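Protein chains in written order, with the numbering used here: chain A, 1 to 281; chain B, 1 to 319.
Down below is the structure, laid out as structure tokens.
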């Protein structure tokens, strides 16, 4: 990199300008959302449209919670409950599996990892029909539990991969050294192992949470009661065939997008390793 | 079915863990090692078996049953559901759409991402900021991203349409989302947009594994930038390129929200892929059995792509 900086020094301002243009293209849809979320209903349907609101209406962010289209407070609670529970379930299932497969070799280990890999490449979309039938038969269709299970199962593999790679990177000698210094197994885990794998755990938590937060296809089929639906499905209710409440669509979108973008930015550097099962590091 | 697979002895394990105890040699002790592992793996296995493999099997079963609109099972249907798919008049169009959708979106995504990754691999002021901006469509809900584009392209009040007219690219607002073909192409554009972050990041990670000496050596030998890229960088980037391409094929093939938002209100099946057709069968027609048959077809296609992935990328190789 240093060589590139030396030889191409004169090009750097130009690249910075190009970089700014690229950045603008990637955030542009979200800027349109942000601006639209402050327009009045009349103004957002105005022909021709205005670029900036003639009157800024922050009240959209208050009014959107009580509209006839969808019970938004319930939708937010649903999204949070489903995402949090699914993330906890993923963590509870993936952490022991990641730890054990990283630290121990046993017959069937590769078969297990292969199974996890195949699961990662399947998606709820392709299995939605089967999931719907299964939950109807079990009597838990249209419940949070059903979507917690779906989200947990389909996000397990990312969590297993990323935590596996962190556990595998810790030399066994470290455990042995801690034991020699008189630390108990629990102390070793708490003081030595956990701090080292912590970035992997955080990455797993954030990635799972964001994926659950944005899930759409399975929720669309499985959650039929308006109160149970997550934000991603509820949003579509504001878009009607003849009349659309775009100002609420965008206010809800901003509320739904800003927190997960911030979370994603925190784990940006570690995303690729988990998504490609370590095939690209 | 899945809970007992790990107990199958696996001859491929050849390495011993560093500093670990000797690998159990044969027979009883091998099974004991697997039995010791089971408690650690069971929660994951139960979830995968119950929420991935069981519904897959149940879907296959449903695809050969005759289901009423209310989900009542009226007995075996043989391959009637599959036959109904073949007789479905819009099928050729839907299959063509699916191929155009997957190939078009993945090829354009990979080409743009190659350029973007190359650009982001160089140092320049504000690079960190650009990387963060590229993340936004990745973290954001695809439904929400697509909805704002759908609004922006409205021929009457759409702000993107108005902008294209104001800068002189269009004489008058164009109904991008009103007819099947332009709407389908618009949806492909959105699909490329939301696929770029993952692809660019994967290719960038691949580029960063290429040592600087390689480029410098090529430069010393008098290779120009383009020759260096084509002859040296691109071949070294092949593993990352393979991963990005195959994972994108699966994601794009399974994509529902983009087409649902942009072309969902257009009557007929001219802008459908097999994935969106499944959801029309379930939600609009309540034909769960036909949906199951089409889902099984999709499922087999995805499995085939996964096999290619395992063969080409060999992600299970450990070093």
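Yeah, the Cβ is synthetic: ideal placement off N, Cα and C, and Gly gets one too.
Computed from a prediction, not measured in an experiment: that's the story for all the values here.
For residue 75 (chain B), the uninterrupted beta strand (DSSP E) run begins and ends at 73-76, by DSSP. Residue 154 (chain B) sits buried, since 16 or more C-beta atoms from the chains shown fall within 10 Å of its C-beta. The continuous stretches of beta strand (DSSP E) do not include residue 105 (chain A), and DSSP gives it neither H nor E. Here DSSP, grouped into helix, strand and coil, assigns residue 178 (chain B) to coil. Residue environment analysis places residue 51 (chain A) among the exposed positions, since fewer than 16 neighbouring C-beta atoms fall within 10 angstroms of its C-beta. Taking the beta carbon of residue 247 (chain A) as reference, no residue of chain B falls within 8 Å; the closest one sits roughly 10 Å away.
In this structure, residue 251 (chain B) and residue 195 (chain B) form a Cβ contact; the two beta carbons are roughly 7 Å apart against a cut-off of 8 Å. Within 10 angstroms of the beta-carbon of residue 62 (chain A) lie fewer than 16 other beta-carbons, which makes it exposed. Counting along the chain, residue 66 (chain B) sits inside the beta strand (DSSP E) bounded by residues 65-67. Residue pairing by DSSP leaves residue 165 (chain A) without any beta bridge partner. In this structure, DSSP gives residue 239 (chain A) an extended state, which the three-state scheme calls strand.
Contact annotation: in the segment 231-258 of chain B, residues whose CB is within less than 9 Å of a CB in chain A are 239, 240, 242, 243, 244, 246, 247, 250, 251, 253, 254, 255, 256 and 257. Fewer than three Cβ pairs drawn from the segment 228-243 of chain A and the segment 86-102 of chain A lie within less than 8 Å of each other, which leaves the two stretches out of contact. At a cut-off of 9 Å, the C-beta of residue 243 (chain A) has no neighbouring C-beta in chain B.
In the structure shown, residue 244 (chain A) falls within a strand segment according to DSSP collapsed to helix, strand and coil. At a cut-off of 9 Å, the C-beta of residue 139 (chain A) has no neighbouring C-beta in chain B. Judged by DSSP in its simplified three-state form, residue 265 (chain A) adopts helix. Residue 263 (chain A) and residue 201 (chain A) have their C-alpha atoms some 14 Å from each other. Within the same chain, Cβ atoms closer than 8 Å to the Cβ of residue 228 (chain B) are found at 215, 218 and 219, the five residues on either side in sequence being excluded. Using a Cβ-Cβ cut-off of 9 Å, residue 235 (chain A) counts as an interface residue toward chain B, since at least one Cβ of chain B sits closer than that to its own.
Residues of chain A with a Cβ closer than 7 Å to the Cβ of residue 156 (chain B) are, in chain order, 47.
Below 8 Å, too few C-beta pairs join the segment 248-262 of chain B and the segment 123-132 of chain B to call them touching: fewer than three. DSSP places residue 113 (chain B) in the uninterrupted alpha helix (DSSP H) bounded by 91-120. Think of a sphere of 7 Å around the beta carbon of residue 298 (chain B): the chain A residues whose beta carbon falls inside it are 126, in chain order. In summary, residue 139 (chain A) is exposed, with fewer than 16 beta-carbon neighbours lying within 10 Å of its beta-carbon over all protein chains present. Between residue 133 (chain B) and residue 200 (chain B), the CB-CB gap reaches or exceeds 9 Å.
Residue 109 (chain A) has a beta carbon lying within less than 9 Å of a beta carbon in chain B. Against residue 69 (chain A), chain B offers no close residue; the least beta-carbon distance is about 14 Å (beta-carbon pairs closer than 8 Å). Of the other Cβ atoms in all chains shown, fewer than 16 fall within 10 Å of the Cβ of residue 311 (chain B); this residue is therefore exposed. DSSP, read as helix, strand or coil, puts residue 222 (chain B) in coil. Taking the C-beta atoms as reference points, residue 82 (chain A) is found nearer than 9 Å to residue 144 (chain A). Contacts with chain A at 9 Å (Cβ-Cβ) do not include residue 188 (chain B). Counting C-beta pairs with one atom in each stretch, the segment 61-79 of chain A and the segment 169-184 of chain B have fewer than three that are closer than 8 Å, which means they do not touch.
Residue 59 (chain B): member of the alpha helix (DSSP H) spanning 54-62, first to last residue. Between the alpha carbons of residue 145 (chain B) and residue 204 (chain B) lies a gap of roughly 24 Å. Identification of chain B residues near residue 202 (chain A) by a Cβ-Cβ cut-off of 7 Å yields none; the smallest Cβ-Cβ distance measures about 15 Å.
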